[in-house]
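Chemist: To start, I am sharing the structure in question, which I have written as structure tokens.
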Amino acid sequence: MKGVLLVNLGSPESTNPKDVKKYLGEFLMDERVIDVPYWLRTFIVKGIILNTRPKKSAEAYQKIWWKEGSPLIVLSERLQNKVQAKTELPVALAMRYGNPSIKSGLQELHDKGVTEVLLFPLYPQFAMATTETILVLAEELRKEFFPNMKITDVPAFYNKPEYIKALSNSIKDYLSDKDYDHILFSYHGVPERHIRKSDITKSHCNPEAGNLSCCNTPSEAHKYCYRHQCYQTTKNVISELGLDENKVSTSFQSRLGVDPWLQPYTDRTIVNKAEKDGIKKLAIVTPAFVSDCLETLEEIAMEGKHEFLEAGGEEFYTVPCINDNDEWVDVLAGWINEFQLTTNN
Numbered sequence: 001m002k003g004v005l006l007v008n009l010g011s012p013e014s015t016n017p018k019d020v021k022k023y024l025g026e027f028l029m030d031e032r033v034i035d036v037p038y039w040l041r042t043f044i045v046k047g048i049i050l051n052t053r054p055k056k057s058a059e060a061y062q063k064i065w066w067k068e069g070s071p072l073i074v075l076s077e078r079l080q081n082k083v084q085a086k087t088e089l090p091v092a093l094a095m096r097y098g099n100p101s102i103k104s105g106l107q108e109l110h111d112k113g114v115t116e117v118l119l120f121p122l123y124p125q126f127a128m129a130t131t132e133t134i135l136v137l138a139e140e141l142r143k144e145f146f147p148n149m150k151i152t153d154v155p156a157f158y159n160k161p162e163y164i165k166a167l168s169n170s171i172k173d174y175l176s177d178k179d180y181d182h183i184l185f186s187y188h189g190v191p192e193r194h195i196r197k198s199d200i201t202k203s204h205c206n207p208e209a210g211n212l213s214c215c216n217t218p219s220e221a222h223k224y225c226y227r228h229q230c231y232q233t234t235k236n237v238i239s240e241l242g243l244d245e246n247k248v249s250t251s252f253q254s255r256l257g258v259d260p261w262l263q264p265y266t267d268r269t270i271v272n273k274a275e276k277d278g279i280k281k282l283a284i285v286t287p288a289f290v291s292d293c294l295e296t297l298e299e300i301a302m303e304g305k306h307e308f309l310e311a312g313g314e315e316f317y318t319v320p321c322i323n324d325n326d327e328w329v330d331v332l333a334g335w336i337n338e339f340q341l342t343t344n345n
């Protein structure tokens with residue numbers, strides 16, 4: 001019997017600083033998120049971050065928390081329910097950090113008699129700190145608790161025409177009655193060293209070169225190159241919607257620490273668009289996220305808007321994530337049903 005496990009990032013149980021601290025501890029102690037030796041990661045996370053950041057992060061979560069709970073969890077549950085209504089296969093939901101856990105998701109499917117799982121990380125682009133950590137943990141759990149279960153994972157879908165069409169249509173629908181001068185595609189950032197570590201050729205990616213030559217040169221490395229996949233997502237949407245390339249930019253948000261992360265940085269780009277480029281009306285899309293979350297609802301829609309207006313901007317539009325958009329639901333259900341048919345043959 002076959003089943004599906006949708007996996008998203010996760011969220012604290014509540015906006016209480018204790019719950020936020022617990023969540024941040026699990027998240028930041030992941031060796032694929034902060035990829036330094038264990039002793040150093042422990043010092044950074046438990047010695048510094050968890051003693052300073054939880055209260056501030058809790059205040060940020062309080063700004064965006066819904067009556068039903070965490071927006072990311074609520075939106076993920078809505079997506080799960082809609083997809084379940086369009087497929088005969090059981091569809092479970094899990095989070096990489098927090099609850100419901102990947103173990104509980106696999107257990108739920110196991111209890112329903114599932115022996116073959118389609119593991120579906122809800123990330124359009126591949127990255128060590130997102131897709132890879134889900135795949136690694138799921139395999140560890142399978143070996144330890146579900147040895148007779150087979151897991152098939154869904155690769156990055158940033159280049160899938162049906163996904164790009166659904167994403168593009170959601171952007172077009174939201175902006176149809178908005179007057180904007182420029183669209184900024186903001187992706188979650190990663191340290192530059194993650195790009196090198198994910199380069200399976202060990203010779204192609206060169207983010208420190210300061211240009212996009214490696215991203216634009218065809219290579220097997222692109223299968224796991226987050227930066228390439230982000231820029232390609234932007235290009236795909238530009239093509240789908242027929243946008244003017246001169247009115248579209250790409251940037252990266254949410255950096256942590258002092259090491260160089262992928263650039264240009266979103267916060268600086270937002271300010272520069274207003275101060276240097278004279279952009280008065282800015283729209284922002286966040287295609288690294290399938291579900292709206294702290295990074296989109298607070299960091300962009302609130303902090304980003306404040307920064308833009310302070311810098312002289314006049315209108316700031318945050319395009320919602322694809323969330324439980326009906327066209328996106330149809331795409332997901334189609335992929336799942338295709339998996340069912342393919343594995344039945």
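First residue of the sequence shown? That's 1 in full-length UniProt numbering, and the numbers climb one at a time after it. Every residue gets a Cβ at the ideal spot worked out from N, C-alpha and C, and that includes glycine. Since this is a predicted model, take the numbers as computed values, not measurements.
How big is the Cα-Cα spacing for residue 244 and residue 238?
Modeler: 7 Å
Chemist: Taking the C-alpha atoms as reference points, what is the distance between residue 314 and residue 278?
Modeler: 10 Å
Chemist: Who are the Cβ neighbours of residue 319 in its own chain at under 8 Å, not counting the five residues just before and after it?
Modeler: 170, 171, 174, 175, 283, 284, 285, 286
Chemist: Cutting at 6 Å between CB atoms, please list the residues of its own chain near residue 29, excluding the five before and the five after it.
Modeler: Counting only Cβ-Cβ distances below 6 Å, and skipping sequence neighbours, we find 45.
Chemist: Near residue 246, which residues of its chain fall below 7 Å by C-beta distance, leaving aside the five closest residues on each side in sequence?
Modeler: none
Chemist: DSSP three-state label for residue 260, please.
Modeler: coil
Chemist: Residue 65 to residue 337, Cα distance in whole Å?
Modeler: 34 Å
Chemist: Whole beta strand (DSSP E) runs in the stretch 242-300 with 3 or more residues, listed along the chain?
Modeler: The qualifying runs are 248-253, 281-285.
Chemist: Please work out which residues of its chain come closer than 7 Å, Cβ to Cβ, to residue 75, disregarding the five sequence neighbours upstream and downstream, and give them in chain order.
Modeler: 291, 292, 323, 324
Chemist: So, for residue 301: in the same chain, excluding its five sequence neighbours on each side, which residues have a beta-carbon less than 6 Å away from its beta-carbon?
Modeler: 318
Chemist: Report the start-end ranges of each alpha helix (DSSP H) in the stretch 179-227 that is 4 residues or longer and not cut off at the edges.
Modeler: 192-197, 213-216
Chemist: Is there contact between the stretch 4-16 and the stretch 95-111, where contact requires at least three CB pairs shorter than 8 Å?
Modeler: yes
Chemist: How about residue 92 and residue 109: are their beta carbons less than 8 Å apart?
Modeler: Against a cut-off of 8 Å, the Cβ pair of residue 109 and residue 92 comes out as a contact.
Chemist: Using the Cβ count rule (16 or more neighbours within 10 Å means buried), how would you classify residue 59?
Modeler: exposed
Chemist: For residue 50, tell me which candidate among 38, 77, 19, 72 has the shortest Cα-Cα distance.
Modeler: 19
Chemist: Under 8 Å, with one C-beta from each stretch per pair, do the stretch 252-262 and the stretch 174-192 reach the 3-pair mark?
Modeler: yes
Chemist: Kindly identify the DSSP beta-bridge partner or partners of residue 151.
Modeler: 117
Chemist: Rounded to a whole number of angstroms, what is the C-alpha to C-alpha distance between residue 17 and residue 78?
Modeler: Taking the straight line joining both Cα atoms gives about 26 Å.
Chemist: Go ahead and pull the three-state DSSP assignment for residue 47.
Modeler: In the structure shown, residue 47 falls within a helical segment according to DSSP collapsed to helix, strand and coil.
Chemist: Rounded to whole angstroms, what is the Cα-Cα separation between residue 217 and residue 14?
Modeler: 45 Å
Chemist: Tell me which residue opens and which closes the alpha helix (DSSP H) that residue 127 is part of.
Modeler: Note, residue 127: premise wrong, no alpha helix (DSSP H); not H, not E.
Chemist: Classify residue 213 as buried or exposed, calling it buried when 16 or more other Cβ atoms lie within 10 Å of its own Cβ.
Modeler: exposed
Chemist: So the candidates are 82, 271, 48, 98; which of them puts its Cα closest to the Cα of residue 316?
Modeler: 271
Chemist: Span of the beta strand (DSSP E) holding residue 315?
Modeler: First-last of the beta strand (DSSP E) with residue 315: 315-318.
Chemist: Classify residue 304 as helix, strand or coil using the three-state DSSP reduction.
Modeler: helix
Chemist: Please state whether the Cβ-Cβ distance between residue 168 and residue 72 is less than 8 Å.
Modeler: no
Chemist: Just to confirm the assignment, what range does the beta strand (DSSP E) spanning residue 348 have?
Modeler: Outside the shown range of the chain, which is 1 to 345, sits residue 348, and nothing can be said about it.
Chemist: Let me know if residue 54 comes out buried or exposed under the rule of 16 or more other beta-carbons within 10 Å of its beta-carbon.
Modeler: buried
Chemist: I'd like the list of long-range same chain contacts for residue 114, defined as Cβ closer than 7 Å, with 5 residues on each side in sequence excluded.
Modeler: 1, 2, 3, 90
Chemist: Could you pull out every residue in the same chain whose Cβ sits closer than 6 Å to the Cβ of residue 345, ignoring the five residues on either side in sequence?
Modeler: With a pLDDT of only 40 at residue 345, under 50, the local geometry of the prediction cannot be trusted, and the value read off the model is given with reservation. None.
Chemist: Roughly how many angstroms separate the alpha carbons of residue 47 and residue 181, rounded to a whole number?
Modeler: Rounded to the nearest angstrom, the two C-alpha atoms are 45 Å apart.
Chemist: Please name the residue, chosen from 334, 328, 43, 288, that lies closest to residue 184 on a Cα-to-Cα basis.
Modeler: 288
Chemist: What does the Cβ neighbour count give for residue 68, buried or exposed, with the cut at 16 atoms within 10 Å?
Modeler: exposed
Chemist: In three-state DSSP terms, what is residue 344?
Modeler: Note that residue 344 scores a pLDDT of 49, beneath 50, so its modelled location is shaky and nothing firm can be said.
Chemist: Are the CB atoms of residue 86 and residue 333 within a distance shorter than 8 Å?
Modeler: yes
Chemist: Using a threshold of 8 Å, state whether the C-beta atoms of residue 252 and residue 266 are closer than that.
Modeler: yes
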